[in-house]
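This report concerns only the one structure given below.
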Amino acid sequence: MIRVLIADDHPIVRDGLKRILAATTDIAVTAEAASGEEALALVRDNDYDMALLDMSMPGLSGMDLVKRLKSEKPKLKLLVLSMHGEKQYAARALKAGASGYMTKESAAQELLGAIRKVAAGGVHISEATAADLVAGSLGEGPPHTLLSDREYQVFRLLAEGRSPTEIAAQLHLSVKTVSTHKARILEKMGLAGTAELVRYALENKLL
Numbered sequence: 002m003i004r005v006l007i008a009d010d011h012p013i014v015r016d017g018l019k020r021i022l023a024a025t026t027d028i029a030v031t032a033e034a035a036s037g038e039e040a041l042a043l044v045r046d047n048d049y050d051m052a053l054l055d056m057s058m059p060g061l062s063g064m065d066l067v068k069r070l071k072s073e074k075p076k077l078k079l080l081v082l083s084m085h086g087e088k089q090y091a092a093r094a095l096k097a098g099a100s101g102y103m104t105k106e107s108a109a110q111e112l113l114g115a116i117r118k119v120a121a122g123g124v125h126i127s128e129a130t131a132a133d134l135v136a137g138s139l140g141e142g143p144p145h146t147l148l149s150d151r152e153y154q155v156f157r158l159l160a161e162g163r164s165p166t167e168i169a170a171q172l173h174l175s176v177k178t179v180s181t182h183k184a185r186i187l188e189k190m191g192l193a194g195t196a197e198l199v200r201y202a203l204e205n206k207l208l
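For the sequence shown, the working numbering begins at 2 and goes up steadily by one.
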């Protein structure tokens, strides 16, 4: 039996996932969490075979949550189920320690297949993401793959039109730190300013 923890801040999503998994005989939802902090606390005190994680929960989430969970329980399999397209976050999630990445638009049968594959020690990603990972390991990936996880967070928020002050407040950073990140982002990606950054994000479907 594959023991699963579901971590998502939307009750409707959790209920939907539980209904899908309840129809199987080899997968059981043994706990659920509405935040990253709650998921981390459950993982510390209990044993699960896999955690299904949303990428965008309030508080601890995203790559930070993936890294913390793997640090607590290295053998725990993590399957990210996100509203964000694979091109945006899949490669980063795998590098952080996840074993798979799916969008919430995926079909129920694909989800069940991914859970079983990851539980058995496999990795679930699309062929396009696999190609990006190979390219990145060879130093041939697109410019945004050169960014650190924090820089990528700042990059996306800048591309969404957020000001350095707004970004600083959201990420609990100083405005000076955000400005430093922005300068590094532009330098790493070879961009002249925010307008080019926004254009790059749109052209590469990163928003």
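Glycine included, every Cβ here is placed at the ideal spot set by N, Cα and C.
Bear in mind the structure is a predicted one, so any value in this text is a computation, not a measurement.
Checklist entry - Since D63 is in the alpha helix (DSSP H), which residue starts that stretch and which ends it? => result As a first step, residue 63 must be located in the sequence shown, where it is residue number 62. Before going further, note that residue 63 is Gly rather than Asp in the sequence given. Looking at the DSSP string, the run of the alpha helix (DSSP H) that includes G63 is G63 to E73.
Checklist entry - What first and last residue would you give for the alpha helix (DSSP H) that runs through L1? => result The structure shown does not extend to residue 1, since the chain is modelled only from 2 through 208, so no value can be given for it.
Next on the checklist: Measuring straight from C-alpha to C-alpha, what distance separates E161 and Y102?
Outcome noted: Here residue 161 corresponds to residue number 160 of the sequence shown, with the count starting at 1. Here residue 102 corresponds to residue number 101 of the sequence shown, with the count starting at 1. About 23 Å.
Item to check | Integer-rounded CB distance, given that A94 should sit under 8 Å from M64 | outcome: In the sequence shown, residue 64 corresponds to position 63, counting from 1. In the sequence shown, residue 94 corresponds to position 93, counting from 1. Correct: roughly 7 Å between the Cβ atoms.
Item to check | Cβ-based neighbour list, Q154, same chain, cut-off 7 Å, excluding 5 preceding and 5 following | outcome: The residue given as residue 154 occupies position 153 in the sequence shown. Cβ neighbours of Q154 beyond the five flanking positions: L172.
Next on the checklist: Need the endpoints of the beta strand (DSSP E) that R4 sits in, please.
Outcome noted: Sequence index remark: in the sequence shown, residue 4 carries index 3 (1-based). Here the beta strand (DSSP E) through R4 covers I3 to A8.
Checklist entry - Name the DSSP bridge partner or partners of M51? => result Within the sequence shown, the letter at position 50 stands for residue 51. Beta-bridge pairing links M51 to V5 and K78.
Item to check | Assigned secondary structure, L139 (DSSP; H/G/I helix, E/B strand, else coil) | outcome: For the purposes of this step, residue 139 is identified with residue 138 of the sequence shown, where counting begins at 1. Residue placement at L139 is flagged as unreliable, the pLDDT there being 48, under the threshold of 50; the coordinate-derived value follows with that caveat. Here L139 sits in coil by DSSP.
Checklist entry - Considering only C-alpha positions, which residue in the set G122, I13 and D27 is nearest to M2? => result Here residue 2 refers to the residue found at position 1 of the sequence shown. The shortest C-alpha to C-alpha distance from M2 to any of G122, I13 and D27 is the one to D27.
Item to check | Where E106 falls: helix, strand or coil (DSSP) | outcome: Translated into positions along the sequence shown, residue 106 becomes position 105. E106: coil per DSSP, three-state reduction.
Next on the checklist: Applying the 10 Å Cβ sphere with the 16-neighbour rule, what's the burial state of R45?
Outcome noted: If you number the sequence shown from 1, residue 45 lands on position 44. By the neighbour-count rule (16 or more Cβ atoms within 10 Å), R45 is not buried but exposed.
Checklist entry - In chain order, which alpha helix (DSSP H) runs of at least 4 residues are fully inside the segment 114 to 202? => result 128 to 138, 150 to 160, 165 to 172 and 176 to 190
Next on the checklist: Give me the residue from S180, P143, P144 and L147 with the minimum Cα distance to L158.
Outcome noted: Residue numbering aside, residue 158 sits at position 157 when the sequence shown is read from its first letter. L158 has its Cα closest to that of S180, out of S180, P143, P144 and L147.
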